[in-house]
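Asks:
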């Protein structure tokens with residue numbers, strides 16, 4: 015059971031503040047009352063409904079008909095130790111990052127996307143309701159000083175609410191990052207140390223064999239089954255549903271691209287396939303979706319081996335195992351995670367931090383609005399994106415606010431950035447070029463590093479910047495009191511100051527160190543002395 019909502023909660027918790035049960039629009043949208051966990055739920059899709067309109071499978075209420083919102087909310091603050099299963103396969107117990115937090119849902123998007131007026135209004139409502147931290151797993155914010163959603167985030171910052179947006183999925187190219195607001199905590203995606211993997215075994219008619227490894231959360235195929243290309247050959251993208259009878263239970267090979275991965279499994283299932291091997295044409299990382307037939311997703315190097323084997327043999331059959339939990343190297347930046355870079359024109363570099371965003375196991379709606387939502391009837395899914403990494407930081411920020419209720423959004427943001435782990439973070443190697451592991455990530459890849467909520471909740475040294483500074487210093491943001499320094503078109507010399515606060519009851523002394531390229535010199539005192547509950551300035555020469 016959960017305690018009553020906090021006294022500063024301004025939402026009604028009923029009526030317009032708990033918007034479920036529009037049964038006239040969709041009979042599956044049964045009435046639902048909020049409770050002491052979900053203390054509010056709003057539908058903020060007025061512009062979307064006026065301009066685009068809802069399909070018959072979308073709920074005309076706050077209920078999630080996509081799964082994205084359910085997944086992000088349960089990642090940030092889902093209940094503790096919940097049994098998770100997909101296709102009836104036990105996946106163990108899962109917990110949100112802040113499992114005892116109260117949650118409020120603000121639905122701002124429809125099947126075709128989002129309107130800024132809807133999502134900005136939802137942020138404003140959240141601020142009026144008194145929420146502590148907002149997860150915003152939606153793109154945008156490349157020009158924050160003219161973007162109404164970004165400016166709504168500034169309103170939230172000034173009101174004491176930290177907004178945590180996703181960095182975007184347009185990586186790995188430089189300068190692809192979204193949400194460049196200096197007042198938000200922008201989060202990129204790294205890998206956890208757990209993956210769901212499957213082993214594929216192929217046998218040719220003359221006895222040749224091949225074993226492949228990929229990603230899957232689906233059941234396996236135990237009986238030896240013919241493995242075939244789709245009608246278009248090795249490069250078939252499986253773009254549309256195949257006519258019934260196209261296949262007769264075979265495992266069909268499809269190339270990734272153009273449409274969603276899970277739609278491809280729907281298309282081969284329509285044609286009578288019994289399974290699918292999905293491969294990347296170029297290295298992009300592998301995903302675990304709720305496919306419509308048993309499926310294994312193969313990285314580009316494994317895909318190339320698959321194609322060569324099937325093309326080189328007259329008849330191939332195969333089996334593959336049910337996807338299982340496997341320990342893997344963590345803290346690798348996801349290939350899709352949007353990057354910062356020297357082309358950023360504002361005096362702040364993004365992303366701020368990274369957090370796990372690959373194969374994240376969390377909630378799902380059992381009634382997805384279309385085939386892109388995956389196989390219906392599932393309450394859990396394991397998906398990827400910076401949308402999945404942002405709620406890890408959102409939940410962490412909620413934990414920090416719980417421990418330090420008087421901290422400002424700037425202090426919470428600084429706690430996560432100043433304690434982030436960066437030494438072990440890498441970027442993946444190109445599997446088509448070499449398989450010897452990745453190389454160290456740089457600051458444009460990972461910001462300050464991968465968050466560590468345990469350290470962040472206990473840290474006593476913080477930084478803060480008032481929201482008005484982000485306006486007055488718009489052209490000189492490197493002067494703002496933030497936990498990073500980035501200067502576009504750096505001219506060669508710079509002196510900045512940063513102010514640190516000691517939140518502890520005892521004076522503190524911190525050792526300072528910088529690691530820089532050989533052509534960059536950074537000078538500052540060796541130690542930083544900060545009195546108890548006091549502040550100290552640090553002068554930094556670059």
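Numbering (the working numbering), first residue to last: 15 to 556.
Ideal placement from N, C-alpha and C gives every residue a C-beta, glycine not left out.
Between which two residues does the alpha helix (DSSP H) harbouring residue 278 extend?
Replies: From DSSP, the alpha helix (DSSP H) with residue 278 extends over 275-284.
Asks: Considering only DSSP beta bridges, list what residue 179 is partnered with.
Replies: BP columns for residue 179 point to 150.
Asks: Let me check understanding here. Comparing Cα to Cα, which of 313, 230, 266 lies closest to residue 444?
Replies: For the residues 313, 230, 266, the minimum Cα distance to residue 444 belongs to 313.
Asks: Do residue 396 and residue 310 have their C-beta atoms within less than 7 Å of each other?
Replies: No, these two residues do not count as a Cβ contact at 7 Å.
Asks: For residue 311, which of helix, strand or coil comes out of DSSP?
Replies: In this structure, residue 311 counts as strand in the three-state DSSP scheme.
Asks: Specify, as a first and last residue, the run of the beta strand (DSSP E) that residue 341 falls within.
Replies: Taken as a continuous stretch (DSSP letters only), the beta strand (DSSP E) holding residue 341 covers 338-341.
Asks: Measure the beta-carbon distance from residue 137 to residue 148 and round it to whole angstroms, keeping in mind my assumption that it falls under 8 Å.
Replies: With a Cβ gap of about 6 Å, residue 137 and residue 148 count as contacting.
Asks: Taking the alpha carbon of residue 170 as the point to measure from, which residue in 199, 402, 152 has its own alpha carbon closest?
Replies: Minimum Cα distance to residue 170 is reached at 199.
Asks: Any chance you could list the alpha helix (DSSP H) runs of at least 4 consecutive residues sitting entirely within the stretch 409-446, in chain order?
Replies: Complete alpha helix (DSSP H) runs here, min 4: 423-432.
Asks: Just to confirm the assignment: which complete alpha helix (DSSP H) runs, minimum length 4, are found wholly within the stretch 45-106?
Replies: Counting only runs of 4 or more, we get 60-65, 82-91.
Asks: Can you tell which of 457, 112, 414 has its C-alpha closest to the C-alpha of residue 435?
Replies: The option with the nearest alpha carbon to residue 435 is 457.
Asks: Whole angstroms is fine: what's the gap from residue 27's alpha carbon to residue 158's?
Replies: In this prediction, residue 27 has a pLDDT of 44, which is less than 50 and means its spatial position is unreliable; nothing more can be read from the coordinates.
Asks: Can you tell me whether residue 50 is buried or exposed? The criterion is at least 16 other CB atoms within 10 Å of its CB, across all chains shown.
Replies: Exposed, because fewer than 16 other Cβ atoms sit within 10 Å of the Cβ of residue 50.
Asks: Look at the alpha carbon of residue 92 and the alpha carbon of residue 324, and state the distance between them as a whole number of angstroms.
Replies: When rounded, the distance between both Cα atoms is 44 Å.
Asks: Out of 233, 320, 247, state which residue places its alpha-carbon closest to the alpha-carbon of residue 215.
Replies: Out of 233, 320, 247, 320 has the C-alpha closest to the C-alpha of residue 215.
Asks: Leaving out five residues before and five after residue 352 in sequence, what residues of the same chain have Cβ atoms less than 8 Å from its Cβ?
Replies: The answer, listed in chain order, is 181, 182, 183, 184, 185, 190, 191, 192, 202, 365, 400.
Asks: Starting from residue 386, follow the beta strand (DSSP E) in both directions and report where the run begins and ends.
Replies: Careful: residue 386 lies outside any beta strand (DSSP E) and carries neither H nor E.
Asks: In or out: residue 486 buried (at least 16 other Cβ within 10 Å) or exposed?
Replies: Exposed, because fewer than 16 other Cβ atoms sit within 10 Å of the Cβ of residue 486.
Asks: According to the neighbour-count rule (16 or more other Cβ atoms, all chains shown, within 10 Å of its Cβ), is residue 426 buried or exposed?
Replies: Answer is buried; the Cβ neighbour count reaches 16.
Asks: Please classify residue 535 as buried or exposed, where buried requires at least 16 neighbouring CB atoms within 10 angstroms.
Replies: Exposed, by the Cβ-count rule.
Asks: Could you tell me which residues DSSP pairs with residue 243 in its beta bridges?
Replies: 267, per the DSSP bridge assignment.
Asks: Suppose you measure from the CA of residue 29 to the CA of residue 155; what does that come to, to the nearest Å?
Replies: Unreliable positioning characterises residue 29 in this predicted model, as indicated by a pLDDT of 45, which lies under 50. The coordinate reading is nonetheless provided below. Their Cα atoms are separated by approximately 32 Å.
Asks: Below 6 Å CB to CB, which residues in the same chain sit around residue 248 once its five sequence neighbours on both sides are set aside?
Replies: Same-chain partners within the cutoff: 321.
Asks: Give every residue of the same chain whose Cβ lies closer than 7 Å to the Cβ of residue 257, excluding the five residues on either side of it in the sequence, and list them in chain order.
Replies: Excluding sequence neighbours, residue 257 sits near 285.
Asks: On the DSSP bridge list, what partners appear for residue 543?
Replies: Per DSSP, 523.
Asks: Between the stretch 345-360 and the stretch 498-505, do three or more beta carbon pairs fall short of 8 Å?
Replies: Yes, since at least three Cβ pairs between the stretch 345-360 and the stretch 498-505 fall closer than 8 Å, the two stretches touch.
Asks: Give me the DSSP bridge partner(s) of residue 370.
Replies: Beta-bridge pairing links residue 370 to 204.
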